[in-house]
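So the structure is just underneath, and the comments pick up after that.
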Amino acid sequence: MNKVIVVTGQTATGKTRLALTYAAHNNGELINCDARQIYKYLDIVTGKDLTDHTFYPVDISLPFSVGYYRLEDTNIWLYDIAEPSQYFSSHAYARLASNVVARVLAAGKTPIIIGGSYFYLKHLLYGDSFSEKSHDPILRNQLSAMTLEELSSYLIKLNPAMYESMNNSDRNNSRRLIRRIERVMSGTTRDVFENGYTYTLEKKLGHDALDIEYIGLRHEHREQLTDTIIKRVDNRLKEGAIEEVQRLIEKGYTLSDPGMKTIGCLQLYKHLREGMSLEKARNEWILREVQYAKRQYTFMKQDPHIEWRITA
RNA sequence: CCAGGGAUGGCGGAGUGGUCAAUCGCAACAGACUGUAAAUCUGUCGCCUUCGGGCUGCCAAGGUUCGAAUCCUUGUCCCUGGA
18 MNKVIVVTGQ TATGKTRLAL TYAAHNNGEL INCDARQIYK YLDIVTGKDL TDHTFYPVDI
78 SLPFSVGYYR LEDTNIWLYD IAEPSQYFSS HAYARLASNV VARVLAAGKT PIIIGGSYFY
138 LKHLLYGDSF SEKSHDPILR NQLSAMTLEE LSSYLIKLNP AMYESMNNSD RNNSRRLIRR
198 IERVMSGTTR DVFENGYTYT LEKKLGHDAL DIEYIGLRHE HREQLTDTII KRVDNRLKEG
258 AIEEVQRLIE KGYTLSDPGM KTIGCLQLYK HLREGMSLEK ARNEWILREV QYAKRQYTFM
318 KQDPHIEWRI TA
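Under our numbering, residue 329 is the last one in the first sequence; the count climbs by one each step, no gaps.
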């Protein structure tokens with residue numbers, strides 16, 4: 018039976034280190050599942066673990082530059098697949114990642130999916146729909162001018178059941194309302210997670226069954242989390258995070274580009290362009306990252322398959 | 001030492017006699033998550049509670065008033081200008 022290893026969990030828990038150990042013992046290759054490391058030029062801020070910056074492209078005829086880097090004695094896939102200005106989605110991730118998983122399996126190796134973007138992972142492991150209808154930027158743009166009340170009544174008019182199925186939190190979330198409207202208008206109203214937490218990865222790959230080892234790494238408590246993140250942020254600043262963001266600014270990227278909203282990048286942008294002090298930018302970076310780590314665990318702990326481990 | 005300004009819940013900051021346990025923002029805590037997810041959104045947020053309500057409360061002490069975070073007196077501390 019083909020083996021697939023998944024290493025997810027909170028940020029700054031040493032996922033890469035663990036994944037590399039797995040790779041060494043299982044003849045594995047790493048597949049990135051980090052929503053920010055998919056962006057080019059965001060290396061230091063997102064903490065890409067690269068020693069050799071030679072990129073080996075592989076054409077899989079999708080509008081992203083898929084390929085791998087060499088890392089220690091293995092390969093790491095799905096770094097640097099999109100421009101910071103490029104729209105990316107969980108759906109695109111699931112397609113790309115399952116393609117790469119198939120490729121690695123075909124080469125007789127063990128795919129090791131690694132990263133803390135649980136929403137992406139959820140789509141890859143449990144998502145069931147590969148609808149060809151993509152997002153509709155024009156529609157989204159039009160809808161984004163509407164108020165919450167207008168969006169709600171519009172959706173109720175289009176499909177009351179769809180609105181009814183939303184919880185209070187989502188009904189106040191204009192992005193979610195817009196996406197529902199978009200789904201209704203494109204006819205993709207089917208539940209992508211209709212099978213709950215039943216793996217759908219096999220089906221996507223056309224494999225019979227996969228032996229999935231699914232690890233989640235988390236911090237023991239808040240203090241440890243905070244300490245680790247402080248060290249990490251200071252380290253990235255030392256490694257040249259500011260200069261990296263400066264280069265992005267010089268390339269012409271602005272806060273309207275998706276990649277620029279990355280934690281750390283955003284704060285350094287404010288420091289470089291909006292007069293925020295470096296100290297304040299640093300503190301906000303740390304804070305946002307800690308908050309993010311907590312959100313990650315809230316989301317992930319619902320997944321019954323994750324085998325949790327406390328990071329050392 | 002003189003003149004003026006100010007002290008509000010973990011922080012910032014509204015409120016200038018009743019509808020104030022006190023707008024709002026942040027932080028914190030909990031949660032949501034069907035193509036932006038390191039995103040976006042929701043709930044709680046003085047103490048106690050049988051969730052009806054009860055208690056303490058806006059620097060301190062005293063006073064005015066039916067009633068004070070809000071008015072008066074004194075004290076303490078902070079800020080600005082002048083000696």
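Just so you know, even glycine gets a beta-carbon here, dropped at the ideal spot from N, CA and C.
Collapsed DSSP secondary structure at residue i in the structure displayed
{"i": "N212", "result": "coil"}
{"i": "V250", "result": "helix"}
{"i": "Y56", "result": "strand"}
{"i": "I259", "result": "helix"}
{"i": "G276", "result": "helix"}
{"i": "N185", "result": "helix"}
{"i": "A162", "result": "coil"}
{"i": "S294", "result": "coil"}
{"i": "H288", "result": "helix"}
{"i": "S151", "result": "coil"}
Cβ-Cβ distance between residue i and residue j below 9 angstroms
{"i": "L227", "j": "L35", "result": "no"}
{"i": "L254", "j": "A29", "result": "no"}
{"i": "R53", "j": "G276", "result": "yes"}
{"i": "I93", "j": "I22", "result": "no"}
{"i": "G64", "j": "P74", "result": "no"}
{"i": "F105", "j": "Y56", "result": "yes"}
{"i": "L141", "j": "L79", "result": "no"}
{"i": "R299", "j": "D251", "result": "yes"}
{"i": "S68", "j": "L88", "result": "The sequence as given places Thr at residue 68; Ser does not occur at that position. Yes, the pair counts as a contact, with Cβ atoms nearer than the cut-off."}
{"i": "E199", "j": "D153", "result": "yes"}
{"i": "G132", "j": "D66", "result": "no"}
{"i": "R197", "j": "L156", "result": "no"}
{"i": "F330", "j": "Y143", "result": "What the structure shows of the chain is the stretch from 18 to 329, and residue 330 is not part of that stretch, so it cannot be assessed."}
{"i": "G223", "j": "A119", "result": "yes"}
For residue i: DSSP bridge partner residues
{"i": "E46", "result": "P128"}
{"i": "L227", "result": "N19"}
{"i": "G233", "result": "T25 and W325"}
{"i": "F72", "result": "Y86"}
Reference residue i; option with closest CA among the options
{"i": "A99", "options": "L59, T127 and K221", "result": "L59"}
{"i": "T91", "options": "Q284, V121 and M202", "result": "V121"}
{"i": "Y314", "options": "E261, C282, T25 and K20", "result": "T25"}
{"i": "Y135", "options": "Y286, K311 and M18", "result": "K311"}
{"i": "K332", "options": "Y231, I77 and R207", "result": "Lying outside 18 to 329, the shown extent of the chain, residue 332 is not represented and no answer is given."}
{"i": "V245", "options": "Q159, T328 and N44", "result": "Val is not the amino acid found at residue 245; the sequence shown has Thr there. Nearest of Q159, T328 and N44 to T245, Cα basis: T328."}
- Item | Whole beta strand (DSSP E) elements within the stretch 74–142, 3-residue minimum | Counting whole runs of 3 or more residues, the stretch 74–142 contains the beta strand (DSSP E) stretches 84–88, 91–94 and 127–131.
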